[in-house]
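Take a look at the structure below.
In the UniProt record's numbering, the protein residues as written are 1 to 604.
Pasting the structure below:
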């Protein structure tokens, strides 16, 4: 089939009891007849039903197959969408693409966004209705009516976030829906469609013409979008905010702005919260977005289902480095200890098919980190292909790594359960000199800022409001230490005594401000201390003997693990006083052994 052609299926009319019958036709991407594009989830490949196909129009070689086996998800969608008296022309990936032809699959990915954009309508199939569906549909209508009454345009709503100020604009400070109805509505977003990576470009390409089907119920996509925004805001007002990934995903898709402005690495990171049966689709499903089209067209890269997942991810990593001339993509590496069967996976290649253990540092969105890469990138090629050679400096060797801090689960006021993780860590750091620390700064300031990765409660630089941030940290940690299970032992610890002395200088702190960020920033991250006296917050896997480095082309420091003559990249890290654009210059100051020399690191 010509790469500029695609197939449409004409779903033949019939009653509910009759078998599904369709006819395929080939059309050009430039001037296709009117059609609708289906966005759905496949379902289990073992749960299959029959679809009968008539001979394909314009196919000189005959039919593709006279009988197709389709999954339950598609079968239920086609039964619902079939009309009684007239055919319905649809584009359905499982039928219109020869799934066994790897070359054709790759070619169709290249025009997938056009297929959805050219459709008269994108039909989103969430699945059949259940007993709760009428309640959910009525709740959507109620919430939509309330939001519309506020007189805000769609453009304004799509530009909103789910943070505090929007509560007043949407008029959602009072309860519009009771908690039981909210729970029913939230469960709509637990349907698999909201987790699937391919639906992102499908529904964004379809735009306002898209409509959502739940059994016989039809909801305009824009209606569901504005309700999703309101629901996200309302869930945050509950005593314990309810997590619902499907709600966030739906809001991201409806507003579209996150995917519109991202670079390839940040697009890939955004896609980690979505699912794909084939891990290669974590890349290929993003092919239609501008950032990827620019990258792939520049290097002549095309979707190819004949290559393995590792080879694809490695190619994308190298292309992103070469294209941006930065190490931006390496900031999304999140390497726990890999199982033995995966130990040959290059540590510098992000595993996009796995969700990160933690929240990624906001390198592009916050001014506290370097907005320019350090130095000048010089990625040195290697003959083996699995190595990445980079220039940089060792800022320090990790001497101490704290125990992972355990938090009280699902509490309104999270507290540290194992406070000895902090007290023992503090004692261990006192024996090391601090040549790179600010001599006018109390050592505790470095610890307090490392615990929040240099951010304050407003996501600004903690260093710019150091006194307030330190006062908040003192109050938070004193509260945690005095209510700890082993409080009697804690009260004689060096850290506790030091905090009491600091309380006289840093008074009127607010522990709740500090708590807002320490919990989610420290989640699955570990505190560490280096030979040069710097506090850091790095990957969960960090341990003594690892090294903190600044690499040319990177935006923050990284943690590497020596492996013979090579190094394993564990991930990015926060390193106190070494997060600015002048970090490399700071490393070159001093005399004698204090000067840090550049070296070449071979990552594998």
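Backbone N, C-alpha and C fix where the C-beta goes; we use that ideal spot for every residue, glycine too.
Note that the structure is predicted; figures quoted are calculated from it, not measured.
Cα-Cα separation, residue i to residue j
i	j	result
residue 63	residue 26	Its pLDDT being 44, under 50, residue 63 is placed unreliably by the model, and the measurement read from it follows with that caveat. Looking at the two C-alpha atoms, the distance is approximately 12 Å.
residue 71	residue 109	21 Å
residue 284	residue 501	57 Å
residue 345	residue 310	7 Å
residue 495	residue 426	6 Å
residue 214	residue 491	59 Å
residue 65	residue 53	Annotation note: pLDDT 47 at residue 65 (below 50); position unreliable, coordinate value reported separately. Roughly 7 Å separates the two Cα atoms.
residue 604	residue 568	6 Å
residue 562	residue 574	19 Å
residue 6	residue 28	6 Å
residue 498	residue 156	50 Å
residue 472	residue 335	32 Å
residue 175	residue 182	10 Å
residue 399	residue 421	15 Å
residue 475	residue 544	30 Å
residue 599	residue 282	34 Å
residue 584	residue 520	29 Å
residue 477	residue 510	11 Å
residue 193	residue 93	15 Å
residue 262	residue 290	9 Å
residue 152	residue 208	17 Å
residue 523	residue 404	9 Å
residue 386	residue 449	36 Å
residue 221	residue 134	18 Å
residue 279	residue 8	27 Å
First and last residue of the uninterrupted beta strand (DSSP E) at residue i
i	result
residue 188	From DSSP, residue 188 is part of no beta strand (DSSP E) but of the alpha helix (DSSP H) over 179-188.
residue 597	Looking at the DSSP string, residue 597 is not in any beta strand (DSSP E), and its letter there is neither H nor E.
residue 6	5-11
residue 121	121-127
residue 543	That residue, residue 543, is in no beta strand (DSSP E); it is neither H nor E in DSSP.
residue 213	211-214
residue 37	36-39
residue 22	20-28
residue 519	That residue, residue 519, is in no beta strand (DSSP E); its alpha helix (DSSP H) goes 511-522.
Extent of the continuous alpha helix (DSSP H) to which residue i belongs
i	result
residue 562	No alpha helix (DSSP H) contains residue 562, which is instead part of the beta strand (DSSP E) from 558-563.
residue 147	133-148
residue 484	Counting along the chain, residue 484 falls outside any alpha helix (DSSP H), and DSSP gives it neither H nor E.
residue 413	No alpha helix (DSSP H) contains residue 413, which DSSP labels as neither H nor E.
residue 446	443-450
residue 322	309-324
Whether residue i touches residue j by CB criterion (9 Å)
i	j	result
residue 549	residue 557	yes
residue 330	residue 352	no
residue 31	residue 10	no
residue 415	residue 483	yes
residue 39	residue 252	no
residue 388	residue 326	no
residue 12	residue 82	yes
residue 288	residue 205	yes
residue 256	residue 170	no
residue 177	residue 139	yes
residue 172	residue 146	yes
residue 79	residue 179	no
residue 158	residue 225	yes
residue 132	residue 191	no
Identity of the residue in the options nearest residue i by Cα
i	options	result
residue 87	35, 123, 125 and 94	35
residue 141	391, 267, 235 and 185	185
residue 296	264, 175 and 259	264
residue 533	576, 402 and 128	576
residue 118	134, 90, 212 and 100	90
residue 462	475, 476 and 446	446
residue 407	300, 419 and 397	419
residue 527	78, 355 and 572	572
residue 507	170, 466, 308 and 579	466
residue 451	273, 515 and 294	515
residue 112	134, 293, 49 and 273	293
residue 218	269, 137 and 512	137
For residue i: DSSP bridge partner residues
i	result
residue 403	DSSP, once it has assigned bridges, lists no residue as partnering residue 403.
residue 70	49
residue 528	401 and 536
residue 346	Its beta-bridge partners do not exist; DSSP assigns none.
residue 257	None, per the DSSP bridge assignment.
residue 219	212
residue 396	548
residue 569	560
residue 54	23
heavy atom of the ligand ADP below 8 Å from residue i C-beta
i	result
residue 471	Looking for the ligand ADP in the displayed structure turns up nothing, as the structure carries no ligands at all.
CB contact check: residue i to chain B, cutoff 9 Å
i	result
residue 423	Although the question refers to chain B, the structure presented lacks it and comprises just one protein chain.
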